[in-house]
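Asks:
Numbering (our numbering), first residue to last: -9 to 237.
The following block contains the structure:
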């Protein structure tokens, strides 16, 4: 694959929410997991673990816990990406040290960043294999129940899921913010209202066409409706249960 092919794969990304019954092969999963391990990580701590689930009954339960998302059960594979300091705890014990990093917000940032880098690799490789994907932030909806279901130990917490399978149909590609809204040169430019209004109209037109007129909200309306409340309310309790602090 040349650099232009990789660029085209990345630029053609879209979330898929309808899958065929065709399985994802063990070879394809291995390539995806190889890319997960190849991702950069803070201090080479490799603070990521992935639990792969193919059992139909387990996927159905996860679909329920993530907010009744049917594609979680429909697709052949569900990957749960976790921030993982359990191995670091074992490393500390082997060397007569104490695991202190989990008493700081730094551990949560490090773990989430490592997961994001690893998941980015997984998505790129999956799409290069012509597989469809959709990330599932809903794993933080009822995370304590998910932890119990998958027997996740202390110092590990779920960050995001990833559905993988063969697309039944391709979703429309969702427009992004104007690049000037996210690319700041030398200093952060706070003069963004005009760009947001422009993007609101773009998304409104996109949603109008996608839903045959049933939904016409712009981006700022959609974001505001999510961020006017804490929509995954168990996250803090889950982190405290798993041994993380907020100092």
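Quick reminder that beta carbons are idealized off the backbone N, C-alpha and C, glycines included.
Quick one: what's residue 9 bridged to in DSSP?
Replies: Answer is 157, bridged to residue 9.
Asks: Thinking C-alpha only, which one of 14, 229 and 222 is nearest residue 116?
Replies: Answer by Cα proximity: 14.
Asks: Going by CA-CA distance only, name the one from 10, 126, 157 and 47 that's closest to residue 139.
Replies: 47
Asks: I'd like to confirm the pairing. Which residues does DSSP put opposite residue 238 in its beta bridges?
Replies: This structure leaves residue 238 out entirely; the chain is present only between -9 and 237.
Asks: Identify every residue that forms a DSSP beta bridge with residue 75.
Replies: Answer by DSSP bridge pairing: none, since residue 75 is not bridged.
Asks: When you compare the CB positions of residue 242 and residue 71, do they come within less than 8 Å of one another, or not?
Replies: Residue numbering for the chain in the displayed model covers -9 to 237; residue 242 lies beyond these limits and cannot be assessed.
Asks: Work out the CA separation of residue 92 and residue 75 for me, nearest whole Å.
Replies: 8 Å
Asks: Could you tell me whether the stretch 118 to 128 touches the stretch 147 to 166, using the rule of 3 or more Cβ pairs below 8 Å?
Replies: yes
Asks: Give every residue of the same chain whose Cβ lies closer than 6 Å to the Cβ of residue 110, excluding the five residues on either side of it in the sequence, and list them in chain order.
Replies: So the list is empty, once near-sequence residues are dropped.
Asks: Please determine, among 66, 175 and 112, the residue with the shortest C-alpha to C-alpha distance to residue 28.
Replies: 112
Asks: With contact counted as at least three CB pairs below 8 Å, one residue from each stretch, are the stretch 191 to 207 and the stretch 169 to 183 in contact?
Replies: no
Asks: Can you have a look at residue 38 and say buried or exposed, based on whether 16 or more other CB atoms are within 10 angstroms of its CB?
Replies: buried
Asks: Please list the terminal residues of the continuous alpha helix (DSSP H) segment that includes residue 60.
Replies: 60 to 64
Asks: State the beta-bridge partners of residue 42 as determined by DSSP.
Replies: 69
Asks: With a 10 Å radius around its C-beta and 16 neighbouring C-beta atoms as the bar for buried, classify residue 9 as buried or exposed.
Replies: buried
Asks: Let me know the secondary structure DSSP gives residue 220 once reduced to three states.
Replies: The answer is coil: DSSP assigns residue 220 none of H, G, I, E or B.
Asks: For residue 150, list the residues DSSP reports as bridge partners.
Replies: For residue 150, which the question treats as bridged, DSSP gives the partners 71.
Asks: Drop a sphere of 10 angstroms on the beta-carbon of residue 216, count the other beta-carbons inside from all chains shown, and report buried for 16 or more, exposed for fewer.
Replies: exposed
Asks: Return the bridge partner residues of residue 165 from the DSSP annotation.
Replies: None; residue 165 has no bridge partner.
Asks: Give me the DSSP bridge partner(s) of residue 125.
Replies: BP columns for residue 125 point to 152.
Asks: Just checking, does the stretch 47 to 57 make contact with the stretch 126 to 138 on the three C-beta pairs under 8 Å criterion?
Replies: For the pair of segments examined, the stretch 47 to 57 was found to touch the stretch 126 to 138: the number of CB pairs separated by less than 8 Å reaches three.
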